[in-house]
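Engineer: Let me begin by handing over the structure; questions about it come next.
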Amino acid sequence: MRTITFLLIAVAIAFNISCSQDKDESIKWKSLEYSYYAGSVPPPYHYEYTVTLERELKGTIKYVLGYSEKDVPVYKFNFEFSEEQLNKLNEALESSKVFSEKIAQLPNDKIPIGGSTEHLKIYISSDDEEGKIIAIPSFPQEEYKEGIKNLYDVIKKIVPEDIRKDLEQKKEDYINSQKD
Numbered sequence: 005m006r007t008i009t010f011l012l013i014a015v016a017i018a019f020n021i022s023c024s025q026d027k028d029e030s031i032k033w034k035s036l037e038y039s040y041y042a043g044s045v046p047p048p049y050h051y052e053y054t055v056t057l058e059r060e061l062k063g064t065i066k067y068v069l070g071y072s073e074k075d076v077p078v079y080k081f082n083f084e085f086s087e088e089q090l091n092k093l094n095e096a097l098e099s100s101k102v103f104s105e106k107i108a109q110l111p112n113d114k115i116p117i118g119g120s121t122e123h124l125k126i127y128i129s130s131d132d133e134e135g136k137i138i139a140i141p142s143f144p145q146e147e148y149k150e151g152i153k154n155l156y157d158v159i160k161k162i163v164p165e166d167i168r169k170d171l172e173q174k175k176e177d178y179i180n181s182q183k184d
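As structure tokens, then:
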């Protein structure tokens, strides 16, 4: 009887360790790029930005005012983020199902015309999947929208508030300078 009890405990422990390792294995990403493009608006009001996050707790935001990088202001800020923010990001990645399911685009007749778009690329780094990229479309199918929106909100909040405020001010200043 003791042997059976010991064996059951050993199996339960092994199963628990296996499950926790499986969960950790599913979050093997190297970096991600979230991109936002403001809708079709006159040039002074258009802006776009890309947030790049690395597992090593480093991030970058590149912010472009206007439609072309040639003749408009481009701002780039580097920042660091916390282990706690990384954990929240990993939770949002898991709950959005970007690793466990292939997220398809809405059918063409359901995609809105005009308006802002956002999308995500996740660069995978593991022994068997080096170089793999998971791309989330700008208009994911309905069942994924809430999880993807939550993921995008988590990503945007990782950018330090002082940087976000500075960029908003630069955008307002740029718009005002173009009105003259």
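Taken in order, the sequence shown gives residues 5 to 184; the numbers are from our numbering.
Even glycine gets a Cβ: it sits at the ideal position worked out from N, Cα and C.
Just mark I137 as buried or exposed, buried being the case when its beta carbon has 16 or more other beta carbons within 10 Å.
Structural biologist: On the sequence shown, position 133 is the one that residue 137 refers to. When all chains shown are included, I137 counts as exposed.
Engineer: Could you check which residue in L57, S44, K32, I65 has the C-alpha nearest to that of D170?
Structural biologist: Taking the first residue of the sequence shown as position 1, residue 170 is located at position 166. Closest by alpha carbon: I65.
Engineer: What residue does the alpha helix (DSSP H) around N112 start on, and which one ends it?
Structural biologist: The residue given as residue 112 occupies position 108 in the sequence shown. From DSSP, N112 is part of no alpha helix (DSSP H); its letter is neither H nor E.
Engineer: What's the gap between the Cα of S129 and the Cα of R59?
Structural biologist: For the purposes of this step, residue 129 is taken as residue 125 along the sequence shown, with counting starting at 1. For the purposes of this step, residue 59 is taken as residue 55 along the sequence shown, with counting starting at 1. Each residue's Cα considered, the two are about 10 Å apart.
Engineer: Where does S181 sit, in a helix, a strand or coil, going by DSSP?
Structural biologist: Counting from 1 along the sequence shown, the entry for residue 181 is found at position 177. If DSSP states are grouped into helix, strand and coil, S181 belongs with the helices.
Engineer: By Cβ distance, which residues of its chain are closer than 7 Å to S181, with the 5 residues on each side in sequence left out?
Structural biologist: By one-based count along the sequence shown, residue 181 stands at place 177. Nothing meets the Cβ criterion.
Engineer: Tell me, please, whether the stretch 42-56 touches the stretch 139-150 by the rule of three or more beta-carbon pairs shorter than 8 Å.
Structural biologist: No, the stretch 42-56 is not in contact with the stretch 139-150.
Engineer: Excluding sequence positions up to five away, which residues of its chain have a Cβ less than 7 Å from the Cβ of G151?
Structural biologist: For this step, residue 151 is matched to residue 147 along the sequence shown. Closer than 7 Å at the Cβ level, and outside the excluded window around G151, lie S99, S100, K101.
Engineer: Once DSSP output is grouped into helix, strand and coil, what is the label at D26?
Structural biologist: Within the sequence shown, the letter at position 22 stands for residue 26. Low confidence applies to D26: its pLDDT is 42, below 50, so where it sits in the model is not reliable, and the reading given next is rough at best. Here D26 sits in helix by DSSP.
Engineer: Just checking my contact of E122 with S35 at CB under 8 Å: how many whole Å lie between their CB atoms?
Structural biologist: The sequence position of residue 122 within the sequence shown is 118, counting from 1. The sequence position of residue 35 within the sequence shown is 31, counting from 1. Not a contact, Cβ separation roughly 17 Å.
Engineer: Tell me whether Y156 sits in a helix, a strand or coil according to DSSP, three-state version.
Structural biologist: Working through the sequence shown from its first residue, we reach residue 156 at position 152. The answer is helix: DSSP assigns Y156 an H, G or I state.
Engineer: Check S35 in the structure and name its three-state DSSP category.
Structural biologist: Taking the first residue of the sequence shown as 1, we reach residue 35 at position 31. Note: S35 maps to strand in three-state DSSP.
Engineer: Given that a residue counts as buried once 16 or more other Cβ atoms are within 10 Å of its Cβ, and exposed if not, what is V78?
Structural biologist: Stepping through the sequence shown from its first residue, residue 78 is reached at position 74. Classification of V78: exposed, given that the 10 Å Cβ count is below 16.
Engineer: Can you find a CB in chain C that lies within less than 9 Å of the CB of D157?
Structural biologist: In the structure shown, chain C does not exist; there is a single protein chain.
Engineer: Quick check: what's the CA-CA separation for I94 versus W33?
Structural biologist: As a first step, residue 94 is located in the sequence shown; it is residue number 90 there, counting from the start. As a first step, residue 33 is located in the sequence shown; it is residue number 29 there, counting from the start. Position check: residue 94 holds Asn in this sequence, whereas Ile was assumed. Their Cα atoms are separated by approximately 9 Å.
Engineer: Let me make sure I understand the geometry here. Which of S142, L90, E52, L69 has the alpha-carbon closest to that of G63?
Structural biologist: The sequence position of residue 63 within the sequence shown is 59, counting from 1. The candidate whose alpha carbon is nearest that of G63 is L90.
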